[in-house]
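Student: Using my numbering, the first residue of the sequence shown is number 698, and each one after it goes up by one. Yeah, the Cβ is synthetic: ideal placement off N, Cα and C, and Gly gets one too. Because the structure is a prediction, the values reported are computed rather than measured. Below you will find the structure I want to go over with you.
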Amino acid sequence: MIVQKMKAVLFLSLLIFLTCHGIDVFAEPTLPSYQIGPGDQLKIFIWKEIDLTQDLQVMPDGRITFPLIGEIEAAGKNVTDLKRVITEKLKKYVTAPEVTVIVKESNSRTIYLIGRVARPGPYALGSEMTVLQALSLAGGFAEWADEKAIRIVRRENGKEIQLPFNYKDYIGGRNIEQNVLLRPSDTVVVP
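This is the structure in structure tokens:
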């Protein structure tokens, strides 16, 4: 009983410490392969250098501005790569900097569901989300939706393309390859 109470006190103390130091203990883990993009909210924590700890938003041009080192290209990098760049640049000013980079909010990976779905609008693109998963996220179809004429609108090499998705075929086990993985900025149109 005493051991359990001690564990609970230790856990709560650690939670309070991390919260007081501005660390989002409930942040979702970021996949190492996640590429940072414009609009993403970052938390950059420098151990023992609280004045350098920053909450930053990646600017539309893909850069962030960090104290002492200025502008850094963040878009297209994963958290490990960005951590490495910041660490190298900070070595001129801080002895053995220990850098942590957290994506607090992913705003660059958004998809859009429009038309006859229960909840149309923008949605955060999860890793490896398919058309069917996105439709589920939007609450499924609204009344009178044409489940046979869904389109995924995507930009590739500067050109707009449209990929068909026939829900009736898919649930019938036909043409299952049409349930493609969505990409950032894809728009799923349900007429």
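Between G818 and Y809, what straight-line distance do the alpha-carbon atoms span, to the nearest angstrom?
Tutor: Distance between the alpha carbons of G818 and Y809 is about 6 Å.
Student: Closer than 8 Å by C-beta to G736: which residues in its own chain qualify, once you throw out the five before and the five after it? Chain order, please.
Tutor: Q754, V755, P757, N804 and S805.
Student: Which of helix, strand or coil does DSSP assign to Y731?
Tutor: In this structure, Y731 counts as coil in the three-state DSSP scheme.
Student: Tell me whether the stretch 839–850 and the stretch 781–797 touch, counting them as touching only if at least three CB pairs, one residue from each stretch, are closer than 8 Å.
Tutor: Cβ pair count under 8 Å is below three, so no.
Student: Short of 7 Å in beta carbon distance, which residues of its chain neighbour A821, apart from the five on each side in sequence? Order them along the chain.
Tutor: Cβ neighbours of A821 beyond the five flanking positions: S803, R806 and T807.
Student: Opposite A821 in the DSSP bridges: which residues?
Tutor: Bridge partners of A821: T807.
Student: Using a threshold of 8 Å, state whether the C-beta atoms of I741 and V782 are closer than that.
Tutor: Their beta carbons are not under 8 Å apart, which means I741 does not touch V782 by this criterion.
Student: So is L878 buried or exposed if we call it buried at 16+ other beta carbons inside 10 Å?
Tutor: Result: exposed.
Student: Between the alpha carbons of Q738 and A815, how many angstroms are there, rounded?
Tutor: For Q738 and A815, the distance between alpha carbons rounds to 29 Å.
Student: Please identify the residue among T750, G734, Y867 and E857 whose C-alpha is closest to the C-alpha of I828.
Tutor: Strictly speaking, residue 828 in this sequence is Val, with Ile absent from that position. Among T750, G734, Y867 and E857, the Cα nearest to that of V828 is on Y867.
Student: Rank E825, R851, V887 and K856 by C-alpha distance to the C-alpha of G837 and give the top, closest one.
Tutor: Among E825, R851, V887 and K856, the Cα nearest to that of G837 belongs to V887.
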